[in-house]
C-alpha cells in the first residue's frame, strides 16, 4: 500500500514532493503503463483545479491515449495538431492560458479552459506527453511547467 502526504505551501515544494512520490512508486517497476497509471493518479490527487490528467503515447507517428484520470478523452491526436500534438512535434512544453484561443485546439472536454502539456523525451526522442487540463483560465504557469518537466524527465526511463 502506498500513502503519500503532499501538502506543500508553495508550488516548487509541491512539485518536489510530487516528484519524490512518483519516484518512489515507479522505482523498480518495468511496466510503463503501470507507471503512467500511478503517476496520473498522483497528479489527479495532489494537483489542484484539474479536470483531466494523464498521458498520450507516441505510437507509429501519432499520439495515442494512455492512462489518465478524468472524463473520456480523444483517443488519437496527430502530431502538430492541438496542444498535445504541438508539444510533441515542437518537443517543447506548451502552457496555454485559454485553450479556446489556441489555433487548432482539439476540444475533448468543453469544460477545459487551460492546459499544460509537457513532452516526455527519452534519448532525444519524444515518446509521449503529459497532459494536464483545468476548468480555470490561466491555471498553469512557469512553476507548473518546471515541476512537470522534472517529472517528465524522471518518467522518461520508466514509461
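Residue numbers (the working numbering): 7 to 165. Don't be surprised by glycine CBs; every beta carbon is placed ideally from N, CA and C. In this text the structure is predicted, and so the values were computed from the model without any measurement.
Beta-carbon separation of residue i and residue j under 8 angstroms?
i	j	result
residue 67	residue 88	no
residue 183	residue 73	Here the chain covers residues 7 to 165 and nothing more, so residue 183 does not appear.
residue 128	residue 162	yes
residue 138	residue 49	yes
residue 160	residue 28	yes
Enumerate in chain order the residues of its own chain whose CB-to-CB distance from residue i is below 7 angstroms, with the five nearest sequence positions on each side excluded.
i	result
residue 149	17 and 18
residue 83	62, 68, 69, 90, 91 and 112
residue 166	Within the shown structure, residues of the chain are numbered from 7 to 165, placing residue 166 beyond reach of any answer.
residue 104	119, 120 and 143
residue 97	125, 127 and 132
Between the C-alpha atoms of residue i and residue j, what's the straight-line distance to the nearest angstrom?
i	j	result
residue 24	residue 11	9 angstroms
residue 120	residue 102	6 angstroms
residue 14	residue 54	12 angstroms
residue 116	residue 144	16 angstroms
residue 30	residue 45	11 angstroms
residue 22	residue 153	7 angstroms
residue 36	residue 43	13 angstroms
residue 71	residue 141	20 angstroms
residue 107	residue 20	29 angstroms
residue 33	residue 26	10 angstroms
residue 146	residue 130	26 angstroms
Using 8 angstroms for Cβ pairs, my map puts residue i next to residue j. What's the rounded Cβ distance?
i	j	result
residue 86	residue 59	Actually they do not touch by this definition, with Cβ atoms about 23 angstroms apart.
residue 151	residue 126	Residue 151 to residue 126, Cβ: 14 angstroms. No contact.
residue 118	residue 41	Rounded, the Cβ-Cβ distance is 25 angstroms, inconsistent with contact.
residue 133	residue 64	6 angstroms
Give me, in chain order, the residues of the same chain whose beta-carbon lies closer than 6 angstroms to that of residue i; leave out the 5 immediate sequence neighbours on both sides.
i	result
residue 114	79 and 80
residue 165	38, 41 and 42
Can you find the residues in the same chain that come closer than 8 angstroms, C-beta to C-beta, to residue i, ignoring five residues on each side of it along the sequence?
i	result
residue 155	99 and 124
residue 47	75
Contact criterion: CB-CB distance below 8 angstroms. Does residue i meet it with respect to chain C?
i	result
residue 24	Given the protein chain composition of this structure (a single chain), no chain C is represented.
Item to check | Completely contained beta strand (DSSP E) runs for the region 46-119, where each covers 3 or more residues | outcome: 58-65, 68-76, 82-84 and 100-102
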